[in-house]
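Have a look at the structure below before the remarks.
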Amino acid sequence: MNDAPIGVFDSGVGGLTVVRAIMSRLPHESIIYFGDNARGPYGPRPIQEVRDFALEISGFLEDLGVKIIVIACNSATSAGLLEVQRRCRVPVLGVVEPGARGAVQATRNRRIGVIGTVVTIRSRAYLRAIRALDAGATVISRACPTLVDFVERGEVEGPRVEAEVAKYLSPLKKRGVDTLVLGCTHYPLLRGVIGRFMGQEVRLISSDEEVAREVEENLRRRGYLRASDTPPNYRFMCSGDVGQAVSLGRFFLGPEVEEVERVELPLASSGSFPKGHLSEVSCP
Ligand code: DGL
Numbered sequence: 006m007n008d009a010p011i012g013v014f015d016s017g018v019g020g021l022t023v024v025r026a027i028m029s030r031l032p033h034e035s036i037i038y039f040g041d042n043a044r045g046p047y048g049p050r051p052i053q054e055v056r057d058f059a060l061e062i063s064g065f066l067e068d069l070g071v072k073i074i075v076i077a078c079n080s081a082t083s084a085g086l087l088e089v090q091r092r093c094r095v096p097v098l099g100v101v102e103p104g105a106r107g108a109v110q111a112t113r114n115r116r117i118g119v120i121g122t123v124v125t126i127r128s129r130a131y132l133r134a135i136r137a138l139d140a141g142a143t144v145i146s147r148a149c150p151t152l153v154d155f156v157e158r159g160e161v162e163g164p165r166v167e168a169e170v171a172k173y174l175s176p177l178k179k180r181g182v183d184t185l186v187l188g189c190t191h192y193p194l195l196r197g198v199i200g201r202f203m204g205q206e207v208r209l210i211s212s213d214e215e216v217a218r219e220v221e222e223n224l225r226r227r228g229y230l231r232a233s234d235t236p237p238n239y240r241f242m243c244s245g246d247v248g249q250a251v252s253l254g255r256f257f258l259g260p261e262v263e264e265v266e267r268v269e270l271p272l273a274s275s276g277s278f279p280k281g282h283l284s285e286v287s288c289p
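Residues 6 to 289 (our numbering) are what the sequence shown spells out, left to right.
If you want it as structure tokens, here you go:
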């Protein structure tokens, strides 16, 4: 048994889709969520910079005593999962591999579409993860840079977002994908619009539930699941606008987001992740 919280982070509110799945699967677990809304979205940023952010936030969460870290952001997972795993003392899970696995299991015609941010698509992390599971699968990827902004504004329905989704997804639809990976943790919030455009026959895959299952499996294996005698504690933090984080957090997750603490950047991190070392991290 281990009472420590689960640490989850994203560039903004998107990772709350993963928090929601963890809360429903593991209702007794405490969670610390960090949304880097001062520097998000990560999608348009260079890979090395996103990797440094992921290292910095993971070190910060580790110093707060979390027992496992979930990088609830495809951009940060694609850019830095391996480095973060190498540097952390606690296990670190990302969101790309679970999504790839879900897609390979769901497809019947082996034509898989992947949508994500520029950094995620450019990293080819999904392509590699899908091909590792099915070398013959056809993967059609598309970066959808503006969709995160719609979600961060809370605009998840309506003609403007419908037009944007149609613009990005038309080529994938034409190429006959039967499975579409929502390769950004913001996109499940656009599931309605995306699903209507792609049609019922196309399966939409997001990694939230699969990640929650992996968290449970990891904690159970280590005997780290929390007992149910006292209620869990939820702590929400952000690096930028608190008002925006509270209202969007409540809108997307619910009343669990009672308050959001603002954390100053750069993050105060202890000896395990000294700042000067971040730029020295080598790429795998
Ligand atoms: N939710 C994010 C992801 O999964 C981040 C979007 C962004 O920061 O650009 O990629």
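Backbone N, C-alpha and C fix where the C-beta goes; we use that ideal spot for every residue, glycine too.
Computed from a predicted model, the values in this text were never measured in an experiment.
- Look at residue 79: its beta carbon is less than 6 Å from one of the heavy atoms in the ligand DGL.
- Remark: C-beta atoms of residue 33 and residue 226 do not approach each other more closely than 7 Å.
- Considering only 46, 45 and 93, the residue with the shortest C-alpha distance to residue 63 is 93.
- Residue 208 is positioned such that its CB atom lies no closer than 7 Å to that of residue 173.
- Within the same chain, Cβ atoms closer than 6 Å to the Cβ of residue 8 are found at 231, the five residues on either side in sequence being excluded.
- With a cut-off of 8 Å on Cβ pairs, the stretch 129 to 145 is not in contact with the stretch 211 to 228, counting fewer than three such pairs.
- The criterion of a C-beta distance shorter than 7 Å is satisfied by residue 22 and residue 193.
- Rounded to the nearest whole angstrom, the C-alpha separation of residue 245 and residue 212 is 26 Å.
- In the three-state DSSP reduction, residue 177 falls in the helix class (H, G or I).
- Taken from the Cβ of residue 15, at least one heavy atom of the ligand DGL lies inside 6 Å.
- With a cutoff of 7 Å on beta-carbon distance, residue 77 and residue 15 are scored as near each other.
- Closest by C-alpha distance to residue 111, out of 183, 240 and 205, is 183.
- Distance from residue 55 to residue 19 at the Cβ level is roughly 14 Å; contact not present, criterion being Cβ atoms closer than 8 Å.
- Set against 6 Å, the gap from the CB of residue 153 to the closest heavy atom of the ligand DGL is smaller.
- In terms of Cβ geometry, residue 199 and residue 107 do not form a close pair [threshold 7 Å].
- Relative to the ligand DGL, residue 122 has its C-beta within less than 6 Å of a heavy atom.
- Around the beta-carbon of residue 80, 16 or more other beta-carbon atoms lie within 10 Å, marking it buried.
- Spanning the alpha carbons of residue 72 and residue 149 requires a straight line of approximately 34 Å.
- The shortest C-alpha to C-alpha distance from residue 102 to any of 135, 241, 58 and 196 is the one to 135.
- The C-alpha of residue 224 is placed about 33 Å away from the C-alpha of residue 123.
- If only complete runs of 3 or more residues are kept, the stretch 77 to 131 shows the beta strand (DSSP E) at 116 to 121, in order along the chain.
- Distance from the CA of residue 186 to the CA of residue 137, rounded to the nearest whole angstrom, comes to 16 Å.
- Going by DSSP, residue 16 is part of no alpha helix (DSSP H) at all; its letter is neither H nor E.
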